[in-house]
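Quick notes on the structure that follows.
In this note's numbering, the protein residues as written are 75 to 333.
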């Protein structure tokens, strides 16, 4: 079976076209990622901004052409945090339908956590007790489980775009701005109770995790094979944090094409 999926996130829009065998093996036919920043301003205004929607629609038109070239058996288009939180989500859904014909499914935070976990562990052999963390632009999903079942999952209102827009007014952020952001994140992370993290393998997915993996390897261009399954030491994560917090965004963007 040949399928196409589009993941419309707060920052990025991802396309995957693949064949899925009877045993569940996946062969990638096309993979694309674009950064239209659809969720810019949603945290402050609770609406998708017109210019952001038009950037996203341009990406979706491009993806429509790629999908048509592959003639998949089914197409799934799903949106997450930014569209989920926006009061004008129906306007965007209608705009998408008129311009491309795609029907949009908006995932709840609970569903996003579920599918993130299933997707993450599907490509890992011999996985045992696992914690999957999806740090997106608008939200973070944390899911604990094993190969057979999910034990706990939660969606938290912390994401790279949301935190940046809410707390960082200077570039680079000041020490008080960083402290306020850290306190906010720590308060949110205190919400999961009795999740059973101890002894689990921590698996990071989405843009923040892959960006850290690229920076740790000093990669300029995004490579799926280079970041998939890459193991990072916690000390290296802290070192990257200490480096990035002192840098203006213009310098950070020079480090990698996905920053």
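Ideal placement from N, C-alpha and C gives every residue a C-beta, glycine not left out. The structure presented is a predicted model; accordingly, all values stated were derived computationally and were not measured.
Any beta strand (DSSP E) of 3 or more consecutive residues that is wholly inside the segment 131 to 170:
Here the runs fully enclosed are 148 to 153.
Measuring only the C-alpha atoms, how far is residue 165 from residue 242?
Taking the chain shown and counting its residues from 1, one reaches residue 165 at position 91. Taking the chain shown and counting its residues from 1, one reaches residue 242 at position 168. Taking the straight line from one Cα to the other gives about 29 Å.
Once DSSP output is grouped into helix, strand and coil, what is the label at residue 121?
As a working note, residue 121 is residue 47 in the chain shown. Of the three classes helix, strand and coil, the one that applies to residue 121 here is coil, per DSSP.
So, are the CB atoms of residue 259 and residue 232 less than 8 Å apart?
Residue numbering aside, residue 259 sits at position 185 when the chain shown is read from its first letter. Residue numbering aside, residue 232 sits at position 158 when the chain shown is read from its first letter. The beta carbons of residue 259 and residue 232 sit closer together than 8 Å.
Out of 216, 244 and 277, state which residue places its alpha-carbon closest to the alpha-carbon of residue 268.
Counted from its first residue, the chain shown places residue 268 at position 194. Nearest Cα to residue 268 within the set 216, 244 and 277: 216.
List the residues that DSSP assigns as beta-bridge partners of residue 208.
Along the chain shown, read from residue 1 onward, the residue named residue 208 stands at position 134. Its beta-bridge partners are 215 and 279.
In angstroms with no decimal places, state the Cα-to-Cα distance between residue 228 and residue 183.
As a working mapping, residue 228 is identified with position 154 in the chain shown. As a working mapping, residue 183 is identified with position 109 in the chain shown. Those two C-alpha atoms are separated by around 7 Å.
C-alpha gap between residue 88 and residue 174, whole angstroms:
What you label residue 88 is simply residue 14 of the chain shown in a count that begins at 1. What you label residue 174 is simply residue 100 of the chain shown in a count that begins at 1. Each residue's Cα considered, the two are about 16 Å apart.
Could you spell out where the alpha helix (DSSP H) holding residue 17 opens and where it closes?
Only positions 75 to 333 of the chain appear in the structure, and residue 17 is not among them; the question remains open.
Where residue 200 falls, given that 16 or more other Cβ within 10 Å makes a residue buried:
Sequence index remark: in the chain shown, residue 200 carries index 126 (1-based). The residue in question, residue 200, is exposed, as its Cβ has fewer than 16 Cβ neighbours within 10 Å.
From the DSSP output, which residues share a beta bridge with residue 177?
Translated into positions along the chain shown, residue 177 becomes position 103. Beta-bridge pairing links residue 177 to no other residue.
Using the C-alpha atoms, what's the distance from residue 204 back to residue 225?
Indexing the chain shown from 1 puts residue 225 at position 151. Indexing the chain shown from 1 puts residue 204 at position 130. Rounded to whole angstroms, residue 225 to residue 204 spans 10 Å at the Cα level.
Under the rule that 16 or more other beta-carbon atoms within 10 Å means buried, what is residue 245, buried or exposed?
Position 171 of the chain shown, counting from 1, holds the residue named residue 245. Residue environment: residue 245 is assigned as exposed (fewer than 16 neighbouring CB atoms within 10 Å of its CB, all protein chains considered).
One question on the structure: do residue 82 and residue 152 come within less than 8 Å of each other, judged by their Cβ atoms?
The sequence position of residue 82 within the chain shown is 8, counting from 1. The sequence position of residue 152 within the chain shown is 78, counting from 1. Their beta carbons are under 8 Å apart, which means residue 82 touches residue 152 by this criterion.
What is the DSSP secondary structure of residue 128, counted as helix, strand or coil?
For this step, residue 128 is matched to residue 54 along the chain shown. Assignment of residue 128 by DSSP, reduced to helix, strand and coil, places it in the helix class.
Quick one: using the 10 Å Cβ neighbour count with 16 as the cut-off for buried, is residue 161 buried or exposed?
Counting from 1 along the chain shown, the entry for residue 161 is found at position 87. Exposed: under 16 other Cβ atoms inside 10 Å.
By Cβ distance below 8 Å, which residues in the same chain neighbour residue 179 in space, the five residues on each side in sequence not counted?
By one-based count along the chain shown, residue 179 stands at place 105. Contacts found: 150, 151, 152 and 153.
Which of helix, strand or coil DSSP assigns to residue 220
One-based indexing of the chain shown puts residue 220 at position 146. Residue 220: coil per DSSP, three-state reduction.
Residue 317 to residue 134, Cα distance in whole Å?
Working through the chain shown from its first residue, we reach residue 317 at position 243. Working through the chain shown from its first residue, we reach residue 134 at position 60. Spanning the two alpha carbons is a distance of roughly 35 Å.
Taking its Cβ as the centre, do 16 or more other Cβ atoms sit within 10 Å of residue 186, making it buried, or is it exposed?
Numbered from its first residue, the chain shown carries residue 186 at position 112. It is buried - the Cβ of residue 186 has at least 16 other Cβ atoms within 10 Å.
Measure how close the beta-carbons of residue 140 and residue 106 come, nearest whole angstrom, since I'm counting them as under 8 Å.
The residue given as residue 140 occupies position 66 in the chain shown. The residue given as residue 106 occupies position 32 in the chain shown. Right, their Cβ atoms sit about 7 Å apart.
Across which residues does DSSP place residue 91 in a beta bridge pair?
Reading the chain shown from its first residue, position 17 is the one you call residue 91. Beta-bridge partners assigned by DSSP to residue 91: 78 and 104.
Count the other CB atoms within 10 Å of the CB of residue 86; is the residue buried (16 or more) or exposed (fewer)?
Along the chain shown, read from residue 1 onward, the residue named residue 86 stands at position 12. Residue burial is scored here from C-beta neighbours: residue 86 has at least 16 other C-beta atoms within 10 angstroms and is therefore classed as buried.
The alpha helix (DSSP H) with residue 60 in it runs from where to where?
This structure cannot speak to residue 60, because the chain is shown only from 75 to 333.
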